[in-house]
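If you number the sequence shown the way the UniProt record's numbering does, the last residue is 342 and the count never jumps. Virtual Cβ for every residue (Gly too), placed ideally from N, Cα, C. Small disclaimer: the values here were computed from a predicted structure and weren't measured. Heads up, the thing below is written out as C-alpha cells.
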Amino acid sequence: MEIKTSEETNQNKTLLEETFYVLSKKKNTFKVRLTQKGLHLIRDNDDNIKEQIIQLKDIIGCQCLRSKKRARHCTCQSLPRSDSLQVVEENSTDLDDSDISAYLYVYAYILQGTKEANKKRERTIITLRFRSFDKYEDNNKEAQRWRCVLKKLMKGETLTSSIVNQNSIITRHRETRRLLILCNPKSGAGKGKQIFQQKVAPVLNEAEIPYDLYLTKHYNFARDFVRSSNVFQWTGIIGVGGDGIIYEIINGIFERPDWSDVVKSVPIGVVPGGSGNGLARSIAHHADEPYLPSPTLPAALAAVRGYSEPMDLVRVETLSQIVYSFLSVGWGLLSDIDIESE
C-alpha cells in the first residue's frame, strides 16, 4: 500500500478545473486540472483516458490573448481551427470582435529523452480556449483567473481552492523583475546581437520579463558600465558573449565601493555567444540541463527562472592592480597571446 504524505496530498489538490474541446476534433475533450504540481491534461474519448502532466517547473509563462481579425469573403464562417488560429494581445486594434472567446497561452519547455546524449528541451504551447459564457468579458475573467493563479504558483506561492475562487485574485500581473542585458555583438562569430534577438528575447517575452539591452562598444565597456551605473534598478545582469564579458562584469562589480551589496542582491548570468563559453557550459552541467543542441536555451531558461547559486572566484594581486578570475589565470607569453587575439 502506498502512503502519501500531507505535502504530496496538497500538491495534488485541484485548484482549478475546466473541460475544453479540441478545435480540430470536436468529439475529443480534455479535462484540465491545475494543481501545485502543474497542469494536468486528461484526454477523454470513447476508447480510453490518458493523462499528461505539464510540470510547474517546466512552465515559464502564460498570456491571455484574443483571436486576430481575419479577412472574410462571406457573412457565414466557421470557427477557426486550432492550426489556423492567430491571436493578438487584448488591447490590439487588430482583434476579432465577433469571437467572444478568451485564449490562455501557456508556454513550457519540457525535457525530452532519457539518455544524456538524447536529452533536450522541447518548446510546447498549451492553448486553452474559454467560451462558456455569452460575453467576452466573462470568458476573459475566467481566463485571467487561471493566469493569475498560474503566475502565483510559478512564484512559489501556496494557494488553496478557497483563495483561488475569490474574485480578488484576478489582478493584472505586475512583473517585479527587470534584467540588464550586456551584449557583445562582436564576440565569437560576431552574432551576439542576433543570438539574443532570436534565441533569448522570445523566451523573455513569453515569460513577460522586461529588460534593458546595451550593446558593448569597446573593450571594457561592460566593466565601466557596471562600475558606474545604478545596478540596483535591475534584478539581474545577463552577459551575452563569451567568458570575457563575464570577466568584465565581475571586475566592474568589485571596483565599486558597494560591491558587497551588489554581490548579495544582483545575480549574474551568461548566454553563450563567444569563442570560449566554459562558464555557460559549467552552469548547464551543474543544473543538469542539456547544453546541446541549443546552448542558449538553458541560459535563457535560467534567466527566466531566476535560480542562482554562489560561485567561487580567484583574487589576483599584483603590484599595480587587483583582478578577479572565475575560470583560469594566465601570465607571461600565454596572456600576451590571449590579449593580442582580441
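Rounded C-alpha distance that separates residue i from residue j
i, j, result
"T19", "Y105", "16 Å"
"Q77", "R147", "The pLDDT assigned to Q77 is 39, lower than 50, so where the model puts this residue is not dependable; a value taken from the coordinates is nonetheless given after this. Near 30 Å, if we compare the C-alpha coordinates of R147 and Q77."
"E255", "R227", "6 Å"
"R315", "Y324", "5 Å"
"I246", "L215", "14 Å"
"G332", "R121", "43 Å"
"A284", "Y211", "22 Å"
"Y109", "T318", "46 Å"
"Y107", "N205", "11 Å"
"C64", "K135", "16 Å"
"V32", "V164", "16 Å"
"W234", "I249", "14 Å"
"D58", "V200", "16 Å"
"Q321", "N220", "15 Å"
"F225", "F196", "19 Å"
"S161", "G113", "35 Å"
"N167", "M311", "43 Å"
"E51", "H40", "7 Å"
"A300", "S229", "24 Å"
Proximal residues to residue i (C-beta, below 7 Å), its chain only, five neighbours per side dropped
i, result
"L327", "D243, G278 and L279"
"residue 353", "The requested residue 353 does not occur in the structure, where the chain is confined to residues 1 to 342."
"T171", "C148"
"S101", "S67, R129, F130, R131 and N139"
"E89", "L65"
"W259", "I253"
Buried or exposed by the 16-neighbour rule on C-beta atoms within 10 Å, applied to residue i
i, result
"G236", "buried"
"Q144", "buried"
"P257", "exposed"
"K25", "Here K25 scores only 48 on pLDDT, less than 50, and its place in the model should not be relied on; the value that follows carries that caveat. That one is exposed."
"N251", "buried"
"N139", "buried"
"K115", "exposed"
"F232", "exposed"
"A117", "exposed"
"Y103", "buried"
"I60", "buried"
"I125", "exposed"
"E157", "exposed"
Close-in-space but distant-in-sequence residues of the same chain around residue i (CB under 8 Å, 5 per side omitted)
i, result
"I49", "I42 and R43"
"R281", "P272, Y291 and P295"
"T35", "Q11, N12, K13, T14 and L15"
Close-in-space but distant-in-sequence residues of the same chain around residue i (CB under 6 Å, 5 per side omitted)
i, result
"residue 343", "The structure shown does not extend to residue 343, since the chain is modelled only from 1 to 342, so the question has no answer here."
"S308", "P267"
"S275", "G188 and G242"
"A222", "L182, T216, I245, E248 and I249"
"L313", "Y324 and F326"
Short CB-CB distance (under 8 Å) between residue i and chain D
i, result
"F232", "In the displayed structure, chain D is absent; only one protein chain is listed."
**Contact between the stretch 136-151 and the stretch 189-205 (3+ Cβ pairs under 8 Å)** = no
**Whole runs of the beta strand (DSSP E) within the stretch 240-280, excluding any shorter than 3 residues** = 268-272
**Prompt:** Are three or more beta carbon pairs between the stretch 176-184 and the stretch 229-245 nearer than 8 Å?
**Reply:** yes
**Asked** Considering only residues of the stretch 77-153, which uninterrupted beta strand (DSSP E) runs meet the minimum length of 3 residues and lie entirely inside it, listed in chain order?
**Response** 87-89, 102-112 and 120-130
**Item:** Every unbroken beta strand (DSSP E) inside the stretch 283-331 [3 residues or more]
**Value:** 314-317 and 322-325
**Asked** Which runs of the beta strand (DSSP E) fall wholly inside the stretch 200-244 and span at least 3 residues, in chain order?
**Response** 211-215 and 236-241
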